[in-house]
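Residue numbering for the sequence shown is 2 to 129, as defined by my numbering.
Where is the CB? At the ideal position from N, CA and C, for every residue including glycine.
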Amino acid sequence: MFRWNKNLTLDIDRIDNQHQEIFKSLSKLHDTLNCPNRKNNMNTIWASYENMKDCIILHFLFEERMIFKNSNIDFEKHKNEHQLLVNFIEGMDLDNSFLNRMHLLNQIQFIGNWFCKHIELYDEKFVH
Ligand SMILES: [Fe+2]
Ligand SMILES: [Fe+2]
């Protein structure tokens, strides 16, 4: 469901690859939650969630090191945007994932949309 599209490319390989990995990890978590026929136990759901969270946090740390070195970019503002998303992810209630599946799917969609906007509004500044 989260397709990489070329408009999101920054032409910085490591960043582009990390963004693609994030979209893949979101799709994987979405599929895990969205497939009632598959025997997804809590361990599988947690593993997909942790993988998605790790991809995102490691990417933010990598990017923040780049921003810090580039004085043209507003470091605090960009870093604060990252932190708000990490707070959102950490607030997701996976323990009740069978009861609030739709809510979680909406939250995953929100994260995907957040990245599309964030890349366009913030990460693009790496190349301009
Ligand atoms: Fe990014
Ligand atoms: Fe960013």
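Note to self: If I measure Cβ to Cβ from Lys80 and keep anything under 6 Å in the same chain, skipping five residues before and after, which residues do I get?
What the structure shows: Glu65
Margin query: So the candidates are Asp75, Asn35, Trp5 and His31; which of them puts its Cα closest to the Cα of Gln19?
Written below: Trp5
Margin query: For Glu121 and Gln21, I'd like the C-alpha separation in whole angstroms.
Written below: 15 Å
Notebook entry, point to check: Hey, out of Arg102, Gln108 and Glu125, whose CA is closest to Met43's CA?
Noted result: Arg102
Item checked: Host alpha helix (DSSP H) of Gly113 (start-end) -> Arg102 to Leu122
Checklist line | Residue list, Cβ distance to ligand 2 heavy atoms smaller than 6 Å | finding: Glu64, His79, His83, His119, Tyr123 and Asp124
Note to self: On the CB-based measure, 16 or more other CB atoms within 10 Å of its CB, does Leu105 come out buried or exposed?
What the structure shows: buried
Check: Helix, strand or coil for His23 per DSSP?
Finding: Looking at the sequence itself, residue 23 is Ile, so the reference to His does not match. Ile23: helix per DSSP, three-state reduction.
Check: Alpha carbon to alpha carbon, what distance is there between His31 and Ser49?
Finding: 9 Å
Next item on the list: Give the straight-line distance between the Cα atoms of Glu82 and Ile58, rounded to the nearest whole angstrom.
Entry: 12 Å
Item checked: Assigned secondary structure, Phe61 (DSSP; H/G/I helix, E/B strand, else coil) -> helix
Item checked: Reference Ser28, options Lys7, Lys78 and Phe3, closest by Cα -> Phe3
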